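Asker:
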Amino acid sequence: MRQLPSCSEPSFGFHASPFGECCIAFSKDGICALTFPETRESAYADLEHRFPETEFRQNNEMAGHYISQIFDKGEKPRLHPIGTEFQLSIWNALQQVPKGKTSTYAKIAEAIGRPKAVRAVGTAIGANPIAFLIPCHRIIRSDGGLGGFRWGLECKKLMLEWEK
Numbered sequence: 002m003r004q005l006p007s008c009s010e011p012s013f014g015f016h017a018s019p020f021g022e023c024c025i026a027f028s029k030d031g032i033c034a035l036t037f038p039e040t041r042e043s044a045y046a047d048l049e050h051r052f053p054e055t056e057f058r059q060n061n062e063m064a065g066h067y068i069s070q071i072f073d074k075g076e077k078p079r080l081h082p083i084g085t086e087f088q089l090s091i092w093n094a095l096q097q098v099p100k101g102k103t104s105t106y107a108k109i110a111e112a113i114g115r116p117k118a119v120r121a122v123g124t125a126i127g128a129n130p131i132a133f134l135i136p137c138h139r140i141i142r143s144d145g146g147l148g149g150f151r152w153g154l155e156c157k158k159l160m161l162e163w164e165k
């Protein structure tokens, strides 16, 4: 994973969302993480793991602005996901799944031209740093089961229901 450039002024904050408290990390380049952690401590640990060389400053006011933009106004701010080329291709494919619809891991694998890479696709989806905005919650198993979700199946159900 790349680190954010130091000139990007990376910040993060916590704010309430329709799915519980979230942690959002952002820079001048855009949103680089949106998570729904169980605790603030786990959010700090996740940021340190994803961006080991980056020093974030806390800015809950700006976090609130972004969260309002996303959940109250339905706007999508600029995203700045950081990952491998393969992960970025998966995350881009996820953004093509329309709101209120679902797709499958196999269909995402087909969409990127790697139909046999279903497990690798699942791994990349699980590493998605920007939950909800890169809609990994819209991906279900081919048998119709919900599959997994890093932030818990209850959160996934809430997101899918909220988008209807």
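Sequential numbering from 2 applies to the sequence shown in the working numbering. All residues carry an ideal CB built from backbone N, CA and C; glycine is no exception. Since the structure is predicted, the reported quantities are computational estimates derived from the model, not experimental observations.
1) At the level of alpha carbons, what is the spacing between M2 and P53?
2) For F167, does the three-state DSSP call read helix, strand or coil?
3) Determine the extent of the alpha helix (DSSP H) in which S43 is found, giving its start and end residues.
4) In its own chain, which residues sit with a C-beta less than 7 Å from the C-beta of L18, not counting the 5 before and 5 after it?
5) Taking all protein chains shown into account, decide if H50 is buried (16 or more other Cβ within 10 angstroms of its Cβ) or exposed.
6) When the Cα atoms are used, what is the spatial distance from P11 to G114?
7) In whole angstroms, what separates the C-alpha of C138 from that of P130?
Answerer: On the basis of the supplied data:
1) Unreliable placement is indicated for M2, whose pLDDT of 44 sits below 50; the coordinate value is still reported in the next sentence. Roughly 9 Å separates the two Cα atoms.
2) No answer is possible for residue 167: the residues shown for the chain start at 2 and end at 165.
3) 41-51
4) Note that residue 18 corresponds to Ser in the displayed sequence, not to Leu. So the list reads I68, F72, once near-sequence residues are dropped.
5) exposed
6) Distance between the alpha carbons of P11 and G114: 34 Å.
7) Per the sequence presented here, residue 138 reads as His, with Cys not at that position. Distance between the alpha carbons of H138 and P130: 12 Å.
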